[in-house]
Amino acid sequence: MTRRLKSLPWLALLLVSLSFAFRGVAQSNIVFNPSFEIDFPHIFEGWSAAYLGGAVNEPGAAEGGAWVGIGNGSGGVRATYPNYLLFQDLKTVPGRVYDLRFATRGNLQGLKVLFGDTVAGTIDIGGSTGFWFYTNYTVTATSTNTRLAFDNSGGSNYADVDAVSVRWVAEPAGIIKPVVSRSAYEGATVGFAVKGQGVPPLSYQWHRDGQPMAGQMGNALTLTNITLADNGRYYVVVSNAFGAAQSLDAILAVTPLPQTPLITTQPKSLSVFSGYEPTLDVSVVGQGSLTYQWQFNGSNIAGATNNKLLMPSASETNSGLYTVVISNPNGVTVSLPASLNINPSPSGTFIDIRNEGTPVFDVDGVTRLAGTNYLARLYGGVNSNSLHAFGSTSVFYTDGYGLQAGVFESLAGLVPDTATVGQNLYVQVRVWERASGEDYEEARLRGGKIGKSDLFRIQARSYPPFPSFRNLTNSFSLEAGSPLYASAKLDPGQVTPEGGVELLVTGEVGTRYLIEYSPLSPPSWMPLMVVTNQTGTVSFVDANAATNSARIYRAQILSD
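This is the structure:
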């Protein structure tokens, strides 16, 4: 809503980005560090052994990128590994029945699995196997503290163990992460998602304003081309054979498109090394057709008339200030200036990232991505808060048996901003639906399906000859394509002695707001300042308000 200066200013909405990694079925695992994926040398954290030694960290784990080999105590093949006994003490409920499951392989001739004082089972295949296979036992707790142990003192040369889980066999359905309220403009795609837990199979039923929605029985709800009629309260009921849980209400607030262009994501300043492909982009909503013109140090850039400015071969001469002017038949809006600083690149380090055993899933958390409909790319840098794309994009494997579905083809490339061997690097894999854009940023701005891995740290190595290899620790899922908006309220404050006008911004704690102003007619939005909201309400003063005719203002949350 837009009003004159002396009355209540308006309410503004802005696109921000959240990432969720939802799995369709989740059952509580009471084992800590079940797949030994905590970074080396803490890979045994949560576990104890007769002797602690190394661990494997390379492709081929049953789950993730690491596993543990248990020797037989006699200095055999895996003498440097935990020596014959690996165990962890678990918090259990007396009388409760659990499913004990793990993956194993190796020279299996008498590997005992103990749950408390009871031998749950012994694996003895009389030989070796190079393939992982899963074994499970039904066990009952007799105390509040139960020791889970793998004892290989019975003669096996070595036994590899991975993906250990202990789960309550009658765990009722529950909700780990709730449904998040959203607000968006007409015509957008909005998604709600929930993360449930409990014994599978889990069932989902979405409701709107208290009524079940026909056919909406997945862990994600997607609404396309929304209208004012979609305003309402949404919740989901998650159930299984042992119980049900209902989420809290999530509110969807739909707003008509603004008449003049409204920037919902400002171009972001970048400081990168040559070798990256810097991209500046802007997200805008408004009625009618929108036109774009990018400017470099105040001058128009020939041919730069899209919402995205891509510089695949940027050099130091491209350093400077960039803005974009957006217009439609009703008005003009100018972005905040974004600075681009291109630095000469040091030698860099070559990394190779894979996800064998940690597939990527669609928004349902069950369907594995496959084929060329989805793209993956590496993002990295020496600063964990500022990652940039490098290397080339990769598609996902497809095979007739689905054995490699969810696994992207090799992602490798040179991280340009690495100066010294041993320097910490931060790397992440980002995935998006190709139909929404040819890069992650474009897909995000369009509300397409996107997802990203956990952020992980590696150390730079000299190259050539050796690349720095890493397998993803955890699987992740795409999030439902959905612009997420948050609101900021503007209220008038005091008039300063100099004639300036104070206004109060009330909204999300810990966020930054862009304050823009425009003459009343015709609207032409210009940036005024950026304020940070630390307590819930923050004030700002327009010192030039007294020397101008009536102004209107709007406040937008800046997305990172």
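Here this note's numbering runs 4 ahead of the position in the sequence shown, where the first position is 1.
The C-beta atom is built at its ideal place from N, Cα and C for all residues, glycine as well.
So L266 and G292 are supposed to be a Cβ contact under 8 angstroms. How far apart are they, rounded? Rounded, the Cβ-Cβ distance is 13 angstroms, inconsistent with contact.
Taking all protein chains shown into account, do 16 or more other C-beta atoms lie within 10 angstroms of the C-beta of K95, making it buried, or fewer, making it exposed? A residue is called buried when at least 16 other Cβ atoms come within 10 angstroms of its Cβ; K95 does not meet this threshold and is exposed.
From the DSSP output, which residues share a beta bridge with A248? The partner list for A248 (beta bridge, DSSP) reads S243.
Nearest-angstrom Cα separation, counted from L494 out to S207: Take the alpha-carbon of S207 and the one of L494: they are about 43 angstroms apart.
Find the nearest neighbour of D128 within the set V117, G195, V505, judged by alpha-carbon distance. Of the candidates V117, G195, V505, the one whose C-alpha sits nearest the C-alpha of D128 is V117.
Option nearest F91 by Cα separation, candidates Y517, V433, N156: Closest option to F91, Cα to Cα, is N156.
Expressed to the nearest angstrom, what Euclidean distance is found between the alpha-carbon atoms of P176 and R105? A straight line joining the alpha-carbon of P176 with that of R105 spans about 19 angstroms.
What would DSSP say about R448, mapped onto helix, strand or coil? Helix at R448.
Count the other CB atoms within 10 Å of the CB of I255; is the residue buried (16 or more) or exposed (fewer)? Flag for I255 reads exposed.
Three-state secondary structure (DSSP) of N332: Three-state DSSP puts N332 in a strand.
Could you tell me the distance, in whole angstroms, from the CA atom of A163 to the CA atom of Q408? Rounded to the nearest whole angstrom, the CA to CA distance from A163 to Q408 is 25 angstroms.
Assuming G384 and F394 are in contact, meaning their beta carbons sit under 8 angstroms apart, how far apart are those beta carbons, in whole angstroms? The beta-carbon separation of G384 and F394, rounded to 6 angstroms, stays under the 8 angstroms limit for a contact.
Where does S207 sit, in a helix, a strand or coil, going by DSSP? Strand at S207.
Under 8 angstroms Cβ to Cβ from G455, same chain only, skipping five residues before and after it: list those, please. The answer, listed in chain order, is S23, A25, V364, R434, V435, W436, F480, S481, L482, E483.
Helix, strand or coil at Y405 according to DSSP, with G and I counted as helix: In this prediction, Y405 scores a pLDDT of 48, lower than 50, which makes its location untrustworthy; the coordinate-derived value is nonetheless stated afterwards. DSSP places Y405 in coil when its eight states are reduced to three.
What residues match up with K453 in a beta bridge as DSSP calls it? The partner list for K453 (beta bridge, DSSP) is empty, contrary to what the question assumes.
Could you pull out every residue in the same chain whose Cβ sits closer than 6 angstroms to the Cβ of D443, ignoring the five residues on either side in sequence? Closer than 6 angstroms at the Cβ level, and outside the excluded window around D443, lies no residue.
Under 8 angstroms between the Cβ atoms of Y517 and N537? Yes, the pair counts as a contact, with Cβ atoms nearer than the cut-off.
With respect to the beta strand (DSSP E) encompassing W172, which residues constitute its N-terminal and C-terminal limits? Boundaries of the beta strand (DSSP E) harbouring W172: 162-172, taken from the DSSP string.
Identify the residues that DSSP records as bridge partners of M533: which are they? Bridge partners of M533: I519.
Can you tell me where the beta strand (DSSP E) with G131 in it begins and where it stops? Per DSSP, the unbroken beta strand (DSSP E) holding G131 starts and ends at 122-144.
Just the C-alpha distance for Q209 and N244, rounded to the nearest angstrom, thanks. Their backbone Cα atoms lie some 12 angstroms apart in a straight line.
Considering only their Cβ atoms, is the gap separating Q201 from G222 smaller than 8 angstroms? Taking a C-beta distance under 8 angstroms as the contact criterion, G222 and Q201 do not qualify as a contact pair.
Tell me which residue opens and which closes the beta strand (DSSP E) that F91 is part of. F91: member of the beta strand (DSSP E) spanning 89-95, first to last residue.
Rounded Cβ spacing between M530 and S522 (contact assumed at less than 8 angstroms): With 8 angstroms as the limit, M530 and S522 qualify as a contact, their Cβ atoms being about 7 angstroms apart.
What did DSSP end up calling N322 once you bin it into helix, strand or coil? DSSP places N322 in helix when its eight states are reduced to three.
Three-state class that DSSP yields for S303 in the structure shown: Here S303 sits in strand by DSSP.
I need the straight-line Cα distance from G75 to N161, nearest angstrom please. In this model, G75 and N161 are separated by some 6 angstroms (Cα to Cα).
Opposite F460 in the DSSP bridges: which residues? F460 pairs with V431.
Among A374, G158, Q263, T122, the one whose alpha carbon lies nearest that of T144: The residue from A374, G158, Q263, T122 with its alpha-carbon nearest to that of T144 is T122.
Can you tell me whether DSSP reads R438 as helix, strand or coil? Here R438 sits in helix by DSSP.
What does the alpha-carbon distance come out to for the pair V370 and V72? Take the alpha-carbon of V370 and the one of V72: they are about 27 angstroms apart.
Return the CA-CA distance between L415 and D458, expressed in angstroms with no decimal places. One C-alpha to the other measures close to 16 angstroms.
According to DSSP, is D366 helix, strand or coil? The DSSP-derived three-state label of D366 is coil.
Nearest-angstrom Cα separation, counted from S187 out to V194: Spanning the two alpha carbons is a distance of roughly 8 angstroms.
Nearest to Q31 by CA position, among F246, P348, V183, is which residue? If we check each option's Cα against that of Q31, F246 comes out closest.
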